[in-house]
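Residue numbers (the numbering used here): 196 to 437.
Beta carbons are placed, not taken as given, at the ideal position from N, Cα and C, and that holds for glycine.
Following: one structure in structure tokens, then a few remarks.
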């Protein structure tokens, strides 16, 4: 039985991933922090496919809340076989010299420490055959100059986390991979102060457009299948060629 926790599952890439996994036969835990109604809608859509669903709230930057989230998933659905580390935050676009310490710390707390805390709980509980997918960004290799260099640095840390964990957890039969999206048309960009950023930046990709959440979800879901059973430590770009 496949049981997968998707952090940041209430919207965007996370929501699309929850629905894709449900269609593939997973029971799904929809992790969220703020938008309870959005998470409840995704959980209801999962349940409508005939799969079990659970919306569970946690600030992934808080180790106690992360542990309690995993405890609840395990108690109500069972031991997770998959984790999608997807929850993330950015901050207002602007020059590096104008970056506030508060924004820096929140971006690192959620996008790096939160991923580590979730992966740690998953690794402690998963049995052989488990899989973790970390959601990064092509910002990790492009650097995002003039927009959010600190976010790019955090996502580069996520990709390094994948490499290290894949080697440490491989002998236990747990695979760890990264999906690295390009500019995807989601609500995420509202947090940067430019809600329609995807319209501006997307056409610069070789494929000439921003991506869709379901296109990223397809890659995430594949990495959780037996078809990817010999794939670990990899970063799969879904970026339109960027």
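Contacts around residue i, its chain only, beta-carbon distance under 7 Å, and the 5 residues preceding and following it disregarded
i: residue 324; result: 276, 368
i: residue 390; result: 384
i: residue 351; result: 335
i: residue 402; result: 435, 436
Distance between residue j and residue i (C-alpha atoms, nearest Å)
i: residue 278; j: residue 418; result: 11 Å
i: residue 311; j: residue 365; result: 17 Å
i: residue 428; j: residue 416; result: 16 Å
i: residue 246; j: residue 340; result: 43 Å
i: residue 292; j: residue 284; result: 19 Å
i: residue 267; j: residue 315; result: 16 Å
i: residue 260; j: residue 251; result: 10 Å
i: residue 328; j: residue 396; result: 26 Å
i: residue 253; j: residue 394; result: 31 Å
i: residue 196; j: residue 219; result: 11 Å
i: residue 361; j: residue 425; result: 11 Å
i: residue 432; j: residue 423; result: 15 Å
Secondary structure of residue i, DSSP reduced to three states
i: residue 487; result: There is simply no residue 487 to check, as the chain begins at 196 and stops at 437 in what is shown.
i: residue 199; result: strand
i: residue 279; result: strand
i: residue 430; result: strand
i: residue 398; result: helix
i: residue 215; result: helix
i: residue 379; result: strand
i: residue 422; result: helix
i: residue 312; result: helix
i: residue 285; result: coil
i: residue 341; result: coil
i: residue 390; result: coil
Range covered by the alpha helix (DSSP H) that runs through residue i
i: residue 356; result: 344–364
i: residue 300; result: 296–303
i: residue 241; result: 231–243
i: residue 336; result: 334–337
Unbroken beta strand (DSSP E) run spanning residue i, endpoints
i: residue 222; result: 222–227
i: residue 249; result: 248–252
i: residue 255; result: Careful: residue 255 lies outside any beta strand (DSSP E) and carries neither H nor E.
Chain C within 8 Å of residue i, Cβ atoms only
i: residue 398; result: Looking at the structure shown, chain C is missing, and only one protein chain is on hand.
Own chain, CB closer than 6 Å to residue i, minus 5 neighbours either side, in chain order
i: residue 412; result: 211, 212, 215
i: residue 321; result: 369
i: residue 274; result: 320
i: residue 222; result: 198, 246, 247, 272
i: residue 392; result: 384
i: residue 430; result: 354, 373, 375
Identified DSSP bridge partners for residue i
i: residue 329; result: 280, 373
i: residue 406; result: 379
Contact test: residue i Cβ vs the ligand ATP heavy atom, cutoff 7 Å
i: residue 221; result: Of ligands this structure carries none, so the ligand ATP is not represented either.
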